[in-house]
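Residue numbers (my numbering): 1245 to 1552.
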């Protein structure tokens, strides 16, 4: 069990290390492509569902103001930042749309790991992830269509269908599995977080490897845009939520949730709905950047505790 915990807790290290390795030796990871990426994300979302039960949704109603503020900031701050940065850096269409897409994605399970390591409010983190994930079925396609409209015509219904398929279906199956087969679920659940770490690492490394040439040749502006995107996601998430809620620990949690996206979902939606494969690259780079930021904020929040 300690090995499983170690794999999970070192999530940022695995993602960054294997992404760098993929730039040098893409062949180690590019085999994980096509439907395997879709199935990989489905496995991650299924694992998330296995950890949930219907009682978890009570947390949403017990702290509705916290959850509402956090989720609202998630779907307001990040899409606007993504759109503005795409314009400011004059990104080519495929990078701009990919950046906007990942900005419109919900929080992912990685944020729950970071919140746990930062000793913040894990229950709130899980509640926000649940809400933003289900809202993403509608909001991610809608917001992506709105903000990407100036670049190209986006198939909103295609995005909706893809999100439904890779989010709602596996999460719902996981919840029902937990409900009706609790003993079996109890045996599986300890393996769910490390498996999610392995799958997201493979997804990110694969996309980085497949896009090696274009990343090396022309992704400097994109990388800078993503660095700024997640920095302001973390910072504005904390500042605005603290102004509204006046609770430091809650604001730390919301900061992490807003600053970290479900980049795996962004990869799958990009691969399934856009012709240019480079559209998935912003989501892969996003996973690297927010993992590094997450590690920094873990140290910051743990060391400063209630001082910030």
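Ideal Cβ placement from N, Cα and C applies to all residues, glycine included.
Between residue i and residue j, what straight-line distance do the alpha-carbon atoms span, to the nearest angstrom?
i: residue 1529; j: residue 1342; result: 11 angstroms
i: residue 1535; j: residue 1456; result: 20 angstroms
i: residue 1397; j: residue 1390; result: 10 angstroms
i: residue 1486; j: residue 1314; result: 11 angstroms
i: residue 1339; j: residue 1454; result: 15 angstroms
i: residue 1261; j: residue 1253; result: 14 angstroms
i: residue 1320; j: residue 1351; result: 13 angstroms
i: residue 1328; j: residue 1533; result: 18 angstroms
i: residue 1291; j: residue 1425; result: 14 angstroms
i: residue 1567; j: residue 1256; result: Limits of the chain in this structure are 1245 at one end and 1552 at the other, which puts residue 1567 out of reach.
i: residue 1392; j: residue 1326; result: 10 angstroms
i: residue 1514; j: residue 1521; result: 7 angstroms
i: residue 1417; j: residue 1461; result: 42 angstroms
i: residue 1270; j: residue 1284; result: 18 angstroms
i: residue 1433; j: residue 1395; result: 42 angstroms
Taking the alpha-carbon of residue i as reference, which of the options has the nearest alpha-carbon?
i: residue 1259; options: 1246, 1273, 1517; result: 1273
i: residue 1330; options: 1345, 1310, 1520; result: 1345
i: residue 1540; options: 1514, 1474, 1513, 1325; result: 1474
i: residue 1376; options: 1391, 1397, 1322; result: 1322
i: residue 1477; options: 1399, 1499, 1423, 1450; result: 1499
i: residue 1442; options: 1276, 1350, 1324; result: 1276
i: residue 1467; options: 1452, 1481, 1425; result: 1452
i: residue 1295; options: 1462, 1248, 1421; result: 1421
i: residue 1526; options: 1267, 1426, 1335; result: 1335
i: residue 1449; options: 1490, 1511, 1400; result: 1511
i: residue 1458; options: 1250, 1247, 1267, 1251; result: 1267
I think residue i touches residue j, with their Cβ atoms under 8 angstroms apart; what is that distance to the nearest whole Å?
i: residue 1537; j: residue 1503; result: 6 angstroms
i: residue 1288; j: residue 1353; result: 7 angstroms
i: residue 1465; j: residue 1333; result: 4 angstroms
i: residue 1347; j: residue 1516; result: So it is not a contact: roughly 18 angstroms between Cβ atoms.
i: residue 1479; j: residue 1310; result: That belief does not hold up - the Cβ atoms of residue 1479 and residue 1310 are roughly 19 angstroms apart, past 8 angstroms.
i: residue 1317; j: residue 1484; result: 6 angstroms
i: residue 1403; j: residue 1385; result: 4 angstroms
Which of helix, strand or coil does DSSP assign to residue i?
i: residue 1309; result: helix
i: residue 1454; result: helix
i: residue 1278; result: coil
i: residue 1394; result: coil
i: residue 1253; result: helix
i: residue 1492; result: helix
i: residue 1399; result: coil
i: residue 1446; result: helix
i: residue 1270; result: helix
i: residue 1375; result: helix
i: residue 1248; result: helix
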